[in-house]
Amino acid sequence: MARIGVFICHCGHNIASAVAVEEVVKFARTLPDVVYSDHNLYSCSEEGLGSIKKSIEENKLDRVVVAACTPRTHEPLFRRLCEQAGINKYLFEFVNIREHCSWIHAKEPNAATEKAKKLVAMGVSKAALLEPQVESESGVIPTAVVIGGGLAGLTAAASLVAQDIDTHLIEMEGKLGGQLNDISILAPNFEKSADLLNKLVSELKKSERGHIHLGAKLVDVKGFVGNFEITVEEEGVQNKIPAGAIILATGTQEHQPEGEYGFRKAPGVVTQLEFERALQRGEVPKRVVFIQCVGSRQPGREYCSRICCNTSLKNALRVVEAGGTAAIIHRDIMSYGAAWEELYRQASERGVAFFRYSLEDKPRISAENKHILVEVFDDNLGEGVTLHTDLVVLATPLVSRDDSGDVSRMLKVPRDKNGFYLEAHVKLRPIEFATDGVFICGSARWPSSAREVMCQALAAAAKAAIPIKRGKVVTEAITAWSDPDKCAGCGNCVIACPYEAIEIVDQDGRKIAKVNETQCKGCGNCVAACPNDAMQQRGFTTRQLSAMIDALVKRALEESS
Amino acid sequence: MSDFNPTILAFCCNWCSYAGADLAGVSRLQMPPNVHVVRVMCSASVKGEYILKAISQGVDGVLVLGCHIGDCHYMTGNHRTAKRIPVVQKLLKDVGFDERRVRLDWVSAAEGEKFQRVITEFVEEIKGLGPNPVREVMS
Ligand SMILES: Cc1cc2nc3c(=O)[nH]c(=O)nc-3n(C[C@H](O)[C@H](O)[C@H](O)COP(=O)(O)OP(=O)(O)OC[C@H]3O[C@@H](n4cnc5c(N)ncnc54)[C@H](O)[C@@H]3O)c2cc1C
Ligand code: FES
Numbered sequence: 001m002a003r004i005g006v007f008i009c010h011c012g013h014n015i016a017s018a019v020a021v022e023e024v025v026k027f028a029r030t031l032p033d034v035v036y037s038d039h040n041l042y043s044c045s046e047e048g049l050g051s052i053k054k055s056i057e058e059n060k061l062d063r064v065v066v067a068a069c070t071p072r073t074h075e076p077l078f079r080r081l082c083e084q085a086g087i088n089k090y091l092f093e094f095v096n097i098r099e100h101c102s103w104i105h106a107k108e109p110n111a112a113t114e115k116a117k118k119l120v121a122m123g124v125s126k127a128a129l130l131e132p133q134v135e136s137e138s139g140v141i142p143t144a145v146v147i148g149g150g151l152a153g154l155t156a157a158a159s160l161v162a163q164d165i166d167t168h169l170i171e172m173e174g175k176l177g178g179q180l181n182d183i184s185i186l187a188p189n190f191e192k193s194a195d196l197l198n199k200l201v202s203e204l205k206k207s208e209r210g211h212i213h214l215g216a217k218l219v220d221v222k223g224f225v226g227n228f229e230i231t232v233e234e235e236g237v238q239n240k241i242p243a244g245a246i247i248l249a250t251g252t253q254e255h256q257p258e259g260e261y262g263f264r265k266a267p268g269v270v271t272q273l274e275f276e277r278a279l280q281r282g283e284v285p286k287r288v289v290f291i292q293c294v295g296s297r298q299p300g301r302e303y304c305s306r307i308c309c310n311t312s313l314k315n316a317l318r319v320v321e322a323g324g325t326a327a328i329i330h331r332d333i334m335s336y337g338a339a340w341e342e343l344y345r346q347a348s349e350r351g352v353a354f355f356r357y358s359l360e361d362k363p364r365i366s367a368e369n370k371h372i373l374v375e376v377f378d379d380n381l382g383e384g385v386t387l388h389t390d391l392v393v394l395a396t397p398l399v400s401r402d403d404s405g406d407v408s409r410m411l412k413v414p415r416d417k418n419g420f421y422l423e424a425h426v427k428l429r430p431i432e433f434a435t436d437g438v439f440i441c442g443s444a445r446w447p448s449s450a451r452e453v454m455c456q457a458l459a460a461a462a463k464a465a466i467p468i469k470r471g472k473v474v475t476e477a478i479t480a481w482s483d484p485d486k487c488a489g490c491g492n493c494v495i496a497c498p499y500e501a502i503e504i505v506d507q508d509g510r511k512i513a514k515v516n517e518t519q520c521k522g523c524g525n526c527v528a529a530c531p532n533d534a535m536q537q538r539g540f541t542t543r544q545l546s547a548m549i550d551a552l553v554k555r556a557l558e559e560s561s
Numbered sequence: 001m002s003d004f005n006p007t008i009l010a011f012c013c014n015w016c017s018y019a020g021a022d023l024a025g026v027s028r029l030q031m032p033p034n035v036h037v038v039r040v041m042c043s044a045s046v047k048g049e050y051i052l053k054a055i056s057q058g059v060d061g062v063l064v065l066g067c068h069i070g071d072c073h074y075m076t077g078n079h080r081t082a083k084r085i086p087v088v089q090k091l092l093k094d095v096g097f098d099e100r101r102v103r104l105d106w107v108s109a110a111e112g113e114k115f116q117r118v119i120t121e122f123v124e125e126i127k128g129l130g131p132n133p134v135r136e137v138m139s
């Protein structure tokens, strides 16, 4: 027989204003296996925790149910309390009577109280069947893999080798540097990007920890945090690289504005990256007009690519510097932050002309003799302006790479609606993917300036180093296991598992399913796929969930009679 | 039957729908008190047997709520849910239950209002269907 203690939280007035807490306490005492029940003004306060701990010890409780707020925020706290009181932390069950009850039935105190009773009955019935769990630990391969050798990947790799971690940098092209190969000068400080790249590359080459793979094609990624296997094809040969952590730094591509503003039809119309290449070759036209937001911030592609305004400011200044004239036709100038704002001020002072167009009335381009005419209705002047120019530069957004879908499938990491990689949480878990051990940095995450890319890369390297330096990873014990007596080896679970964590093995001449616990993420997909009730998930066993259904049915019947 | 007070079970996946239910709470969105949430890690861990068991024991309706397609925390879990629930509905229909007693929907962590709407509509629908016929046999 279990000895369950049930603690109902008032949460000040938050719960108690709708739920008759003491009535629920009394009700809990009538439930099977419950030997103790009490209430706290705030269960999570020091006082509340202290009183629960004391009750656990005095009443020799072996299971704890707290009915309060949401496990999504407070479960770790109460699990820790159980541990401190000498109970395995997996013998704790959380019942949500605030978000799921008092707050959403604020004006129905009777119904809210009855519902709270049912929820508590369900929680208690599950708690009675909880079992202590041991969290599994596994080793970590002390190697990192960085995919993509642009500024982001180089910065991350250099930081990892500086931390004495063996690091493989996988670059698909024959050359490191990514987009920066085409961009010679970096605003806002007008530093030479070659200096930046050379420094990083030499740090990497100097260290015996750095392993650079050029012309390397990513073929497959298997495994899980601490124990990945990355298959890479180089010169027709496939190599497998074992690694503990992976950093994704695959960058972006520039949007090609086919058919817009005479792009690829009329001469003298280029993209910003093409213009960077021309500047690198020393070709500076006398007159240049930049058109901003070509293919962004409009239906179909809503986002702002963040770097294009600053790039145009930079390149307009370079044209002016060389004795030419430059105009920027924009919708708003996004020169966020102090250094970039300063760049805007400089451009204005140095005579770069700014015209503002609206989405409804885009600039028009036509050719006349040797030059190009750009007609724009300026929103600020309230009248039309015609510009004569030698070159039109279309500032197009950075977009997700065409192959990013394949990479996301290989690594099992999500992308947002624009195809950029999606971190676990923008504020709480930036740089990390929800998939443990995989990190993201650079413009593959979102178009960013060089400085931002480097910050993210350093953060990613720091985070990737954590499991590697710790040397072990702990898995929450909500993993699945298969009961060999019930398993018929049908393999449905193998197909259902999104992580390839299950295999069919031979045991005493019989085929049965076996779960690799470090690979299991605890989704329970295999449980529902199993026709024999052999697959079970810790903390969500079929007996536990069935008991909850029984408890609900029982209480509903009691209530209606 | 105006005093019919249905008992409803809802399986919510931890990552989206449970979080959506939490958000509804935090936003103080009011809804009928008939639905009892069971937290599971993924909608695709909900066995058809749970639903059949609940309905055959007199629960008036069962909701299965998961992340939107493409958003499942376990990548493709909810694709399985989307295939499984219609099968369960068909099974129930074959043995004489109204398949509307089981509903599958997607509620993201940001959709407190959708959670409220799904709950409210489902309770209304079940009220319209009347008590689970098994209840009469049982009482
Ligand atoms: C025209 C232009 C001008 C700019 N000017 C400035 C400026 O003045 N100042 C500033 O701060 N920022 C500027 N930027 C932004 C800056 O260039 C970027 O932030 C930075 O280069 C992004 O680096 P990254 O490593 O994230 O991506 P990238 O440079 O795109 O590098 C990604 C690398 O990954 C490789 N790769 C991709 N997929 C795979 C794969 N599957 N396997 C292996 N390798 C792969 C690619 O080949 C590439 O080498 C500019 C950007 C543009 C487009
Ligand atoms: S985690 Fe929400 S449906 Fe799979």
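Protein chains in written order, with our numbering: chain A, 1 to 561; chain B, 1 to 139.
Backbone N, C-alpha and C fix where the C-beta goes; we use that ideal spot for every residue, glycine too.
All values derive from a computational prediction rather than experimental measurement.
Using a CB distance cut-off of 8 Å, residue 22 of chain B counts as an interface residue toward chain A. Listed as beta-bridge partners of residue 378 of chain A by DSSP are A:383. Between residue 5 of chain A and residue 95 of chain A, the gap from beta carbon to beta carbon reaches 8 Å or more. A Cβ of chain B is located within less than 8 Å of the beta carbon of residue 542 of chain A. Taken from the Cβ of residue 192 of chain A, every heavy atom of ligand 1 lies 7 Å or farther away. A Cβ closer than 6 Å to some heavy atom of ligand 2 marks a residue here, and those residues are B:13, B:15, B:16, B:42, B:43, B:44, B:66, B:67, B:72, B:73, B:74, B:77 and B:78. Here residue 117 of chain A is buried. Its C-beta has 16 or more other C-beta atoms within 10 Å.
Listed as beta-bridge partners of residue 137 of chain A by DSSP are A:474.
The C-alpha of residue 102 of chain A lies about 14 Å from the C-alpha of residue 116 of chain B. Following the DSSP letters along the chain, one finds residue 410 of chain A inside the alpha helix (DSSP H) bounded by residues 404 to 411. Excluding sequence positions up to five before and after residue 118 of chain B, its CB lies within less than 6 Å of the CB of 105, all in the same chain and listed in chain order. About 7 Å separates the beta carbon of residue 315 of chain A from that of residue 279 of chain A, a gap short enough to meet the 8 Å contact definition. Comparing C-alpha distances from residue 437 of chain A to each of A:134, A:284 and A:424 shows the shortest one belongs to A:424. Around residue 54 of chain B, the beta-carbon contacts reaching into chain A at under 7 Å are 549.
Taking C-beta atoms under 8 Å as the contact rule, residue 544 of chain A and residue 115 of chain A fail to qualify, at a distance of about 21 Å. Burial is judged here by how many other beta carbons sit within 10 angstroms of a residue's own beta carbon; residue 62 of chain A has at least 16 and is buried. Of the residues B:49, B:17, B:93 and B:124, the one whose Cα lies closest to the Cα of residue 113 of chain B is B:17. Relative to the non-hydrogen atoms of ligand 1, the Cβ of residue 250 of chain A comes within a distance shorter than 7 Å of at least one.
Note: residue 432 of chain A is bridge-paired with A:439 in the DSSP secondary-structure output. Ligand 1 has no heavy atom closer than 7 Å to the beta-carbon of residue 282 of chain A. Short of 6 Å from the beta carbon of residue 39 of chain A, and not among the five residues preceding or following it, lie these beta carbons of its own chain, in chain order: 8, 21 and 25. For residue 168 of chain A, the enclosing beta strand (DSSP E) starts and ends at 166 to 170. For the 8 Å CB-CB criterion, residue 442 of chain A and residue 177 of chain A do not form a contact. The Cβ of residue 76 of chain B sits closer than 8 Å to at least one Cβ of chain A. In this structure, residue 496 of chain A keeps its C-beta atom at 8 Å or more from the C-beta atom of residue 101 of chain B.
With a beta-carbon spacing of about 13 Å, residue 214 of chain A and residue 154 of chain A fall beyond the 8 Å limit used to define contacts.
Around residue 231 of chain A, the same chain offers 219, 220, 238 and 240 as residues with beta carbons nearer than 6 Å, after the five sequence neighbours per side are excluded. One Cα belongs to residue 87 of chain A, the other to residue 133 of chain A, and the distance between them is close to 11 Å. At a cut-off of 3 residues, the continuous stretches assigned as beta strand (DSSP E) that sit fully inside the region 36 to 97 of chain A are 63 to 68 and 92 to 96. Within 9 Å of the CB of residue 111 of chain A, the CB atoms of chain B belong to 5, 32, 33 and 34, in sequence order along the chain.
Straight-line measurement puts the Cα of residue 40 of chain B at about 18 Å from the Cα of residue 79 of chain A.
With a cut-off of 7 Å, the C-beta of residue 453 of chain A is classified as near ligand 1, since at least one heavy atom of the ligand falls inside that distance.
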